[in-house]
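K.L.:
Residue 3 is where the sequence shown starts when you use my numbering, and the numbers rise one by one after that. Think of the CB as a built atom: it goes at the ideal place given N, C-alpha and C, for glycine as much as any other residue.
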Amino acid sequence: MANAVINVANRLQDLLNSTKCADGLAPLLLRLYLAPIFMQAGWNKLSHFEDTAAWFGNPDWGLGLPMPEVMAALAAGTEFFGGALLIVGLAVRWISIPLMVTMLVAAFAVHWDNGWLAIADGGSWLANERVMEAQERLAAAKGILQESGNYEWLTGRGSVVILNNGIEFSITYLIMLFSLFFTGAGRFFSVDYWLAKCFRDDIKS
3 MANAVINVAN
13 RLQDLLNSTK
23 CADGLAPLLL
33 RLYLAPIFMQ
43 AGWNKLSHFE
53 DTAAWFGNPD
63 WGLGLPMPEV
73 MAALAAGTEF
83 FGGALLIVGL
93 AVRWISIPLM
103 VTMLVAAFAV
113 HWDNGWLAIA
123 DGGSWLANER
133 VMEAQERLAA
143 AKGILQESGN
153 YEWLTGRGSV
163 VILNNGIEFS
173 ITYLIMLFSL
183 FFTGAGRFFS
193 VDYWLAKCFR
203 DDIKS
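1) Could you give the DSSP three-state label for L165: helix, strand or coil?
2) How many angstroms separate the CA atom of W57 from the CA atom of P100?
3) From S207 to A187, what does the alpha carbon distance come to, in whole angstroms?
4) Work out the CA separation of I8 and F202 for me, nearest whole Å.
5) Quick one: Cα of L76 to Cα of M69, how far?
6) Looking at the secondary structure, which residues open and close the alpha helix (DSSP H) in which L156 lies?
7) In whole angstroms, what is the alpha-carbon distance linking V72 and G79?
8) Does the segment 179-194 come close enough to the segment 26-41 that 3 or more CB-CB pairs lie under 8 Å?
9) Under a Cβ-count criterion, where at least 16 other Cβ atoms within 10 Å of its own Cβ denotes burial, should A6 be classed as buried or exposed?
10) Return the chain-ordered list of same chain residues with a C-beta closer than 7 Å to the C-beta of L67, the five sequence neighbours on each side being excluded.
11) Does the distance from the CB of L119 to the CB of G168 come in under 8 Å?
12) Can you check which of these residues, D123, W96 and C23, is closest to D194 by C-alpha distance?
13) Curious, which full-length alpha helix (DSSP H) runs of at least 4 residues does the segment 12-84 contain?
14) Assuming V94 contacts L182 under a Cβ cut-off of 8 Å, what Cβ separation, rounded to an integer in Å, is found between them?
15) In whole angstroms, what is the alpha-carbon distance linking A86 and L48?
16) Thinking just about the alpha-carbon of each residue, which of R139, Q137 and G117 is nearest to the one in N130?
17) Quick one, are the C-beta atoms of L176 and L106 less than 8 Å apart?
18) In whole angstroms, what separates the C-alpha of V112 from that of L88?
19) Can you find the residues in the same chain that come closer than 7 Å, C-beta to C-beta, to F184, ignoring five residues on each side of it along the sequence?
20) In angstroms, rounded to a whole number, what distance separates the CA positions of T21 and L14?
Put into structure tokens, the structure is as follows:
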């Protein structure tokens with residue numbers, strides 16, 4: 003009986019192992035998911051560069067960073083061109099490093115004080131005092147819209163929410179980048195793979 007169970011378990015494991023031939027799909031999907039997010043963020047910074055630099059440098063309502071123009075250019079360039087590299091799968095492990103740094107800066111310099119949640123959800127076990135206080139504001143906003151606006155039309159594509167701007171998204175992107183740093187761009191569907199295939203002897207097909 004025990005041998006039969008072991009044999010079945012081994013067959014199931016062999017079945018799982020057979021999917022390794024498509025292990026390049028996971029990093030491909032991570033890259034294609036992250037690329038437009040970073041490219042859009044970088045483009046927004048580049049297209050409003052003066053405002054971005056002012057926000058980077060202002061200590062009162064911004065980040066208070068030194069050399070704000072340089073910092074803004076580095077952040078914008080890393081996000082925009084890094085996203086482009088993710089699409090084609092070129093230098094993915096290398097570009098993951100500065101992209102992770104930008105996510106760490108975003109998480110701890112911009113979003114940390116707001117807690118975890120990106121959206122103020124009072125029903126979440128991760129809700130902090132800021133989120134719970136926002137529920138009163140949300141209820142008031144919904145009441146105003148219901149009284150003086152076309153509420154059904156306004157909410158026809160989704161509920162009214164309050165943006166909490168917590169660290170949720172930046173940490174999620176950081177973890178995805180962390181995965182790409184270790185796995186690389188993936189097999190078959192990346193420039194990195196084919197370059198390594200041509201110029202390195204330790205890459206297996």
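P.N.:
Per the coordinate set shown:
1) Position 163 of the sequence shown, counting from 1, holds the residue named residue 165. DSSP, reduced to helix, strand and coil, places L165 within a strand of the structure shown.
2) One-based indexing of the sequence shown puts residue 57 at position 55. One-based indexing of the sequence shown puts residue 100 at position 98. Between the C-alpha atoms of W57 and P100 there is a straight-line separation of about 20 Å.
3) Along the sequence shown, read from residue 1 onward, the residue named residue 207 stands at position 205. Along the sequence shown, read from residue 1 onward, the residue named residue 187 stands at position 185. For S207, the predicted structure reports a pLDDT of 49, less than 50, and the residue's modelled location is therefore unreliable. A value from the coordinates is still provided. Answer to the nearest angstrom: the Cα atoms are 15 Å apart.
4) Start at 1 with the first residue of the sequence shown, and residue 202 comes out as number 200. Start at 1 with the first residue of the sequence shown, and residue 8 comes out as number 6. Note on identity: in this sequence residue 202 is Arg, with Phe being the wrong assignment. Roughly 39 Å separates the two Cα atoms.
5) Locating residue 76 in the sequence shown gives position 74, where the first residue counts as 1. Locating residue 69 in the sequence shown gives position 67, where the first residue counts as 1. Straight-line Cα distance between these residues: approximately 11 Å.
6) Your numbering for residue 156 matches position 154 in the sequence shown. Note, L156: alpha helix (DSSP H), Y153 to L156.
7) Your numbering for residue 72 matches position 70 in the sequence shown. Your numbering for residue 79 matches position 77 in the sequence shown. For V72 and G79, the distance between alpha carbons rounds to 10 Å.
8) With the rule of 3 Cβ pairs closer than 8 Å, the segment 26-41 counts as touching the segment 179-194.
9) Position 4 of the sequence shown holds residue 6. That one is exposed.
10) Here residue 67 corresponds to residue number 65 of the sequence shown, with the count starting at 1. So the list reads F58, G59 and M73, once near-sequence residues are dropped.
11) As a first step, residue 119 must be located in the sequence shown, where it is residue number 117. As a first step, residue 168 must be located in the sequence shown, where it is residue number 166. Closer than 8 Å, so yes.
12) Translated into positions along the sequence shown, residue 194 becomes position 192. Selected option, being the one with the closest Cα: W96.
13) Those alpha helix (DSSP H) runs which fall completely within the segment 12-84 and span 4+ residues are 27-49 and 51-59.
14) Sequence index remark: in the sequence shown, residue 94 carries index 92 (1-based). Sequence index remark: in the sequence shown, residue 182 carries index 180 (1-based). Correct: roughly 6 Å between the Cβ atoms.
15) Locating residue 86 in the sequence shown gives position 84, where the first residue counts as 1. Locating residue 48 in the sequence shown gives position 46, where the first residue counts as 1. Answer to the nearest angstrom: the Cα atoms are 15 Å apart.
16) Within the sequence shown, residue 130 is the residue found at index 128, counting from 1. Considering only alpha carbons, the answer is G117.
17) In the sequence shown, residue 176 corresponds to position 174, counting from 1. In the sequence shown, residue 106 corresponds to position 104, counting from 1. Cβ distance < 8 Å, so L176 and L106 count as in contact.
18) Indexing the sequence shown from 1 puts residue 112 at position 110. Indexing the sequence shown from 1 puts residue 88 at position 86. Each residue's Cα considered, the two are about 24 Å apart.
19) Sequence index remark: in the sequence shown, residue 184 carries index 182 (1-based). Closer than 7 Å at Cβ, skipping near neighbours: no residue.
20) Your numbering for residue 21 matches position 19 in the sequence shown. Your numbering for residue 14 matches position 12 in the sequence shown. Straight-line Cα distance between these residues: approximately 12 Å.
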